[in-house]
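Colleague: First the structure, then my questions, so here it is.
Protein chains: 2
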Amino acid sequence: MKKKTHVTIYDLAAELKVSPSTISRALSGHNSISKEKVKEIIQLAKKRNYIPNDIASNLRKAKSNNIGVITTWINRTFHSEIISGVEEEVSNKGMNVIILQSHDRYKDEVENAKALLNSRVSGLIVSLAMETKNYDHFEPFFRNQIPVVFADRAPGPEIKCHQVLIDNELTAYVATKHLIDQGCRRIAHLSGQKHRENYKERIQGYNKALRESGLRLDKKYIYELATKSAEEGVMATRELMSLPEPPDAIFCTNDSMAIAIIQFCKSVGIKIPEQLCIMGFNNDPTCKIIEPNLTSTVNPGFEIGKESGKLLLDLLHFNWKPKEYRTITLDTQLIARESTARLNFVKKGKPALLETFQ
Amino acid sequence: MKKKTHVTIYDLAAELKVSPSTISRALSGHNSISKEKVKEIIQLAKKRNYIPNDIASNLRKAKSNNIGVITTWINRTFHSEIISGVEEEVSNKGMNVIILQSHDRYKDEVENAKALLNSRVSGLIVSLAMETKNYDHFEPFFRNQIPVVFADRAPGPEIKCHQVLIDNELTAYVATKHLIDQGCRRIAHLSGQKHRENYKERIQGYNKALRESGLRLDKKYIYELATKSAEEGVMATRELMSLPEPPDAIFCTNDSMAIAIIQFCKSVGIKIPEQLCIMGFNNDPTCKIIEPNLTSTVNPGFEIGKESGKLLLDLLHFNWKPKEYRTITLDTQLIARESTARLNFVKKGKPALLETFQ
DNA sequence: GTATATTACGCAATCGATTGCGAAATATTT
DNA sequence: AAATATTTCGCAATCGATTGCGTAATATAC
Chain A
0 MKKKTHVTIY
10 DLAAELKVSP
20 STISRALSGH
30 NSISKEKVKE
40 IIQLAKKRNY
50 IPNDIASNLR
60 KAKSNNIGVI
70 TTWINRTFHS
80 EIISGVEEEV
90 SNKGMNVIIL
100 QSHDRYKDEV
110 ENAKALLNSR
120 VSGLIVSLAM
130 ETKNYDHFEP
140 FFRNQIPVVF
150 ADRAPGPEIK
160 CHQVLIDNEL
170 TAYVATKHLI
180 DQGCRRIAHL
190 SGQKHRENYK
200 ERIQGYNKAL
210 RESGLRLDKK
220 YIYELATKSA
230 EEGVMATREL
240 MSLPEPPDAI
250 FCTNDSMAIA
260 IIQFCKSVGI
270 KIPEQLCIMG
280 FNNDPTCKII
290 EPNLTSTVNP
300 GFEIGKESGK
310 LLLDLLHFNW
320 KPKEYRTITL
330 DTQLIAREST
340 ARLNFVKKGK
350 PALLETFQ
Chain B
0 MKKKTHVTIY
10 DLAAELKVSP
20 STISRALSGH
30 NSISKEKVKE
40 IIQLAKKRNY
50 IPNDIASNLR
60 KAKSNNIGVI
70 TTWINRTFHS
80 EIISGVEEEV
90 SNKGMNVIIL
100 QSHDRYKDEV
110 ENAKALLNSR
120 VSGLIVSLAM
130 ETKNYDHFEP
140 FFRNQIPVVF
150 ADRAPGPEIK
160 CHQVLIDNEL
170 TAYVATKHLI
180 DQGCRRIAHL
190 SGQKHRENYK
200 ERIQGYNKAL
210 RESGLRLDKK
220 YIYELATKSA
230 EEGVMATREL
240 MSLPEPPDAI
250 FCTNDSMAIA
260 IIQFCKSVGI
270 KIPEQLCIMG
280 FNNDPTCKII
290 EPNLTSTVNP
300 GFEIGKESGK
310 LLLDLLHFNW
320 KPKEYRTITL
330 DTQLIAREST
340 ARLNFVKKGK
350 PALLETFQ
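Chains as they are written, first to last, in numbering that gives the first Met the number 0: chain A, 0 to 357; chain B, 0 to 357.
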């Protein structure tokens, strides 16, 4: 008929005939308690299976020891890498990670933000949902000085914020340039929706490369896809390849789409890369599995997560220095493989770009 | 010079000249407050940007609204699917998911368990680390009646617990049988360590199939790999293929290993499936990317996560009925593809097993 | 018009740990 | 030995929301 409640510091205090304050201080390593008493207290705590109640502690200290992460889809390679990076960075600092998915929906993102607010996370890391155009749901964080770091998917320049990302414009520029160097002249681009900064920038980089090479910008070669799913990509490819002037290259916004397109092309007899070059984005491990191997650009998800976590910890540690907002831009890299090897670039002395098996 | 603290129900109470209890009851939909007052209170709460403090609420109610998940590696396809399933199931029930990774290390798992205990999660879902052989770190959960559900990686029969998993023995049996049916006679098995129940069962299923077909069990064809990494798999394959009697099939414990082995074989001129059949496990999307396409068995990660979440919610809702422990076993399925197509089984009338592109 | 039921709300304790302030006990200094 | 410094610990308020119990106010019944 014992009480069901957990053991508290009051129980320990009563048993040792000291005050709860002493227990608290002893267990948290305060130096104002004598060594013998500390030893005695720790011993009893172990014996009685005492479990500190972080909830009570957090309430009193007016902060929690967990940080929130709002991602789009946890089971997408790139995003799970980000989370993995965050976790690696913060978990050994006594921080827990609460993960919520928006499924790329604005509504879910708003709800996630509210839930994390209520649970008093001490910081937030966000990859914006594809749908999100309004950022008011982050206002309460700003107002209450809870640091927010945007990872990869950030608002545009109109919102001042901390962010960790890649240079999407440059990366897309390099990718497009590579296709042009391979002799492609009608380059299509399957991208995401332009209100999401990432894709706007990629389209800009793509445009810039074309312009610099004196190629015509052609609206019908650009798709702003809503979900960026493999199916959407294949549908677009179908349309593109039945055009009077079909493209001789497709620059995709992610690798899984690119791979689906390669498989589609193989099934209908379109030769890659001779007839059509395919460029991916992210450099998933699958790039080296598909045949022909997929050229792609490295999108360092894990590092983005790690840097986001580190930045957030800094902000927490320095207790909010609101003056300067930081933007951390990580390097990307083009990995040229068979899917764009229209010229035999190995022979032409560019082996540095080629990543071989093993 | 305003106070930095958040708005509380006391602030609202003072402003409306009512008691905090009234505010609390109004906001939580208690029917003992008049409609006009409720409306008035909700309106003011919105106006003052009131954010309920779940920490205080949880302390008072002696429970948190989040559940803990201990997984091995968040960025492994199968495990991120599990988490995704859990999240889908519980998040719309007002529950948050706290995710921690063990990296397949016992020590990390113990620390994770402790952290979740301190944060007073109301329930726990675990996929055991590869290293774990001792389960004492879950004792405090049992003792304090915090429901625990093991997902996929569970302790053996010696521990009574709730679990959601597949029938590893049957699945391995079916996989091995398939290889035998294809005419393979020297079948190797690259598995995980036998103290982890999953792998013990798979080895049993593998043995059973061989025995039933009158094939010899040969120790040198069985590997108990520590990390189950692709590299380990390739190393083992190297050894196996340089044996006087090399195997004519390899049954791998996961798809990424199987794929690395296929790539290795292609690079050294071993013909698949004519000379060597390769069988995977999990049915990752990559099975349909590698050439030849990889035969594999469906391991329904997402469903495992979903069922685990559902079971946990049941346990929470029914407030711990300790009598019967539940084991939910989900169906698996063999998807035969080219990597084991030694016989032309399509012609022999087994098209049901063949999953074609698109 | 009195008795009873119902509605609407307040009082104050409570959840468990933390911490500023103060004080007793002991050690150190002069 | 008296004065001062240091060590060690307790008191009691506090974090913010919840809730059992009590009660005044209003409604309904007889």
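C-beta: ideal position from N, C-alpha, C; glycine also. On a predicted model such as this, the values are computed, not experimentally measured, just so you know.
Would residue 277 (chain B) pass as an interface residue toward chain A - the criterion being a Cβ-Cβ separation below 8 Å?
Modeller: No, residue 277 (chain B) does not count as interfacial toward chain A.
Colleague: What residue does the alpha helix (DSSP H) around residue 20 (chain A) start on, and which one ends it?
Modeller: Unbroken alpha helix (DSSP H) run through residue 20 (chain A): 19 to 26.
Colleague: Going along the chain, which residues of its own chain have a beta-carbon closer than 8 Å to the beta-carbon of residue 120 (chain A), five neighbours each way excluded?
Modeller: 63, 65, 66, 67, 97 and 145.
Colleague: In this structure, how does DSSP classify residue 285 (chain B) when only helix, strand and coil are distinguished?
Modeller: Helix, per DSSP.
Colleague: Considering only residues of the same chain and omitting the five flanking positions on each side of residue 298 (chain B), which have a CB-CB separation below 7 Å?
Modeller: Excluding positions up to five away in sequence, the list reads 77, 165, 280, 281, 282 and 331.
Colleague: Answer yes or no: do residue 258 (chain A) and residue 264 (chain A) have a C-beta to C-beta separation smaller than 8 Å?
Modeller: Not a contact, by the Cβ cut-off of 8 Å.
Colleague: Out of B:14, B:333 and B:228, point me to the one whose CA is closest to residue 44 (chain B)'s CA.
Modeller: When only C-alpha atoms are compared, the closest one is B:14.
Colleague: Within the same chain, show all residues whose beta-carbon is closer than 7 Å to that of residue 333 (chain B), passing over the 5 residues directly before and after it, in chain order.
Modeller: Here the set comprises 173, 174, 177, 296 and 352.
Colleague: Going by beta-carbon coordinates alone, are residue 232 (chain B) and residue 260 (chain B) separated by less than 8 Å?
Modeller: It is a contact, given that the beta carbons lie within the stated cut-off.
Colleague: At 7 Å on the CB atoms, spell out the chain B contacts of residue 52 (chain A), in chain order.
Modeller: Result: 119.
Colleague: When the Cα of residue 155 (chain A) is compared with those of A:9, A:195 and A:12, which residue comes out closest?
Modeller: Minimum Cα distance to residue 155 (chain A) is reached at A:195.
Colleague: Could you round the C-beta distance between residue 293 (chain A) and residue 247 (chain A) to whole angstroms and report it? I think they count as a contact, below 8 Å.
Modeller: Not really, about 17 Å apart at Cβ, beyond 8 Å.
Colleague: Who are the Cβ neighbours of residue 47 (chain B) in its own chain at under 8 Å, not counting the five residues just before and after it?
Modeller: Result list for residue 47 (chain B): 6, 10, 11 and 14, in chain order.
Colleague: Let me know the secondary structure DSSP gives residue 316 (chain B) once reduced to three states.
Modeller: Note: residue 316 (chain B) maps to helix in three-state DSSP.
Colleague: Would you decide whether residue 205 (chain A) is buried or exposed? Buried here means 16 or more other CB atoms lie within 10 Å of its CB.
Modeller: Answer is buried; the Cβ neighbour count reaches 16.
Colleague: Quick one: list the residues of chain B neighbouring residue 83 (chain A), beta-carbon separation under 7 Å, in chain order.
Modeller: Correct list: 73 and 74.
Colleague: Interface residues of chain B around residue 80 (chain A) at Cβ under 7 Å?
Modeller: Within chain B, the residues near residue 80 (chain A) are 74.
Colleague: How many angstroms separate the CA atom of residue 326 (chain A) from the CA atom of residue 73 (chain A)?
Modeller: Going by the C-alpha atoms only, they are around 24 Å apart.
Colleague: Between residue 191 (chain B) and residue 341 (chain B), is the Cβ-Cβ spacing less than 8 Å?
Modeller: Contact: no.
Colleague: Report all residues from its chain with a CB closer than 6 Å to the CB of residue 337 (chain A); omit the five preceding and five following residues, and keep chain order.
Modeller: Excluding sequence neighbours, residue 337 (chain A) sits near 291 and 292.
Colleague: Using a Cβ cut-off of 9 Å, pull out every chain A residue sitting near residue 418 (chain B), in sequence order please.
Modeller: The requested residue 418 (chain B) does not occur in the structure, where chain B is confined to residues 0 to 357.
Colleague: Using a Cβ cut-off of 8 Å (strictly closer), state whether residue 271 (chain A) contacts chain B.
Modeller: No, no contact with chain B.
Colleague: Quick check: is the beta carbon of residue 294 (chain B) nearer than 8 Å to any beta carbon in chain A?
Modeller: Judged by the 8 Å Cβ criterion, residue 294 (chain B) is not in contact with chain A.
Colleague: What residues in its chain sit with their C-beta under 7 Å from that of residue 94 (chain B), if we drop five residues either side in the sequence?
Modeller: Correct list, in chain order: 64, 65 and 66.
Colleague: Can you name the residues that DSSP bridges to residue 161 (chain A)?
Modeller: According to DSSP, residue 161 (chain A) bridges with A:148.
Colleague: DSSP has residue 136 (chain A) in a bridge; who is on the other side?
Modeller: Bridge partners of residue 136 (chain A): none, in fact.
Colleague: With distances taken Cα to Cα, identify the nearest neighbour of residue 368 (chain A) among A:256, A:216 and A:143.
Modeller: No answer is possible for residue 368 (chain A): the residues shown for chain A start at 0 and end at 357.
Colleague: With DSSP run on the structure shown, which of helix, strand or coil describes residue 9 (chain B)?
Modeller: Correct three-state label for residue 9 (chain B): helix.
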